Amino acid sequence: MDPAVDLSTDPATHPLRAEARALQAEIAALRRACDDLPVPWKEASRLQPLLRNTQPSDSAQWDSAEGLRAQVGRLESELSFLSALTGISIGSYWRQTEDLTSTEMAEKGIKKVVQKYRLSGNCHVVTFQLEFQVLEIQDKENSSSVVTDFNIIMEPTEFSELSEFVSRAEEKRDIFMFFRSLHYFVKWYEFRKRTFKHFKEKYPHTVRLPEGTGSRYMSICSTRRPGFALIVVWRIQIDEEGKVSPKLDLLTQVPQQALELDKNNVTEMAPLSFRSLLSVLGIEGAVESLIQLFCAENK
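Just so you know, numbering that gives the first Met the number 0 puts 81 at position 82 of the sequence shown, and the rest follows in order with no gaps.
Here is the structure:
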């Protein structure tokens, strides 16, 4: 046995054991968060045994310093893989257990415990801090647990689209919906950012991003006809069930004089026509078709 490590003390207070249990808790949160995430087929065979192995280990494996170090190393490796898969990284973690079992409950074989949790981390560019409590009640036949308090703390950011979702997640006390939806929201945000950046670089004189590449809307402007513009508004919506999806709309900016000459209501029908383009060409194809119309006019 390593003389630098004393395992004769209370096993629950050993530093390596405490670190291992903290890592297990982080892995459990990420494992539940990625239950509904799509997994590429080439990763599936690796993921399934990995997730099974993240279950708490038998304490008998922790009877030596070598076993503890091996367990901590394995947990760190698994946590790294799950973080890469979900995009969610846990920076800090805290848990406190309170036994609420009264004497009367104990006599009836009922145990009542509340687990208080606090963790913080990030999902790519979005940072968060969660505080929640889990009430566990166990008797001789059944056991149950319920989240009794859930609070999400997020720094003021450019992601105004997340505000309503955060309130709903707190109201529903659905921790795993929060992780899952946050994952998909960030995926769509990064895709929107890359798409707008691509078109700005490809058509620098026609495309404008008033809020930069992180903008929620893009202007397609005519250089030959001042005052004419098409504005693509791209929102990222999260519904009541936590499903994340893009919603694109088209706004038109046309001088009043031109509107009066539009006898065929082309301007009025433009948003509906854009939705039809989206269903046929997809987001990138529909947006590029609009830009090319203005580019052809500008030549």
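For each residue, glycine too, the CB sits at the ideal point set by N, CA and C. Quantities reported herein were computed from a predicted structural model and do not represent experimental measurements.
Discussion item. With a threshold of 8 angstroms on Cβ separation, who are the neighbours of S88 within its own chain once the five nearest residues in sequence on each side are excluded?
Written reply: In chain order, S82, G120, N121, C122 place their CB closer than 8 angstroms to the CB of S88, counting only its own chain and leaving out the 5 sequence neighbours on each side.
Worksheet item: According to the neighbour-count rule (16 or more other Cβ atoms, all chains shown, within 10 Å of its Cβ), is M268 buried or exposed?
Response: exposed
Fill in: Secondary structure of F190, DSSP reduced to three states
helix
Fill in: C-beta contact flag for V124 and Y183 at 8 angstroms
no
Practice prompt. Please determine if the stretch 197 to 206 and the stretch 160 to 179 are in contact, where contact requires at least 3 C-beta pairs separated by less than 8 angstroms.
Written response: Touching, no, given that fewer than three Cβ pairs across the two stretches are closer than 8 angstroms.
Item to complete: Ignoring anything shorter than 4 residues or poking outside the stretch 119 to 168, list the alpha helix (DSSP H) runs there in chain order.
Response: none
Discussion item. What does the alpha-carbon distance come out to for the pair R45 and G86?
Written reply: Because the pLDDT of R45 is 42, which lies under 50, any placement of that residue in the model is unreliable, and the number read from its coordinates should be weighed accordingly. So the two alpha carbons sit approximately 18 angstroms from each other.
Fill in: Minimum C-alpha distance to E97 - residue among F175, Y116, S288
Y116
Worksheet item: Using the beta-carbon count (16 or more within 10 Å), is S180 buried or exposed?
Response: buried
Item to complete: Have a look at K110, S142, S91, E106 and flag the residue whose alpha-carbon is nearest the alpha-carbon of L118.
Response: S91
Worksheet item: Around the Cβ of S275, are there at least 16 other Cβ atoms within 10 angstroms (buried) or fewer (exposed)?
Response: exposed
Worksheet item: Roughly how many angstroms lie between the CA atoms of A105 and R167, to the nearest whole one?
Response: 37 angstroms
Practice prompt. Report the three-state DSSP secondary structure of W61 (helix, strand or coil).
Written response: Low confidence applies here, because W61 scores a pLDDT of 43, under 50, leaving its location unreliable; read the following figure in that light. Looking at W61 - three-state DSSP - the assignment turns out to be helix.
Item to complete: Can you give me the start and stop residues for the alpha helix (DSSP H) that T222 sits inside?
Response: Unbroken run through T222: none, as it is neither H nor E.
Item to complete: Just tell me which of Q128, Q114, V165, F127 has its CA closest to the CA of E135.
Response: Nearest Cα to E135 within the set Q128, Q114, V165, F127: Q114.
Worksheet item: What separation, rounded to the nearest whole angstrom, lies between the Cα atoms of R234 and K192?
Response: 12 angstroms
Discussion item. Give me the residue from V112, V286, Q132 with the minimum Cα distance to S218.
Written reply: V286
Item to complete: Could you check the C-alpha separation between G213 and E189 for me, to the nearest Å?
Response: 9 angstroms
Practice prompt. Figure out for me which residue from C220, Q236, G241, E239 has the closest Cα to the Cα of L289.
Written response: C220
Worksheet item: Exposed or buried, I152, counting other C-beta atoms within 10 Å across all chains shown (16 or more means buried)?
Response: exposed
Worksheet entry | 8 angstroms CB neighbourhood of C294 in its chain, flanking five on each side removed | Y202, T205
Worksheet item: Would you call the CB atoms of L247 and L280 closer than 8 angstroms?
Response: no
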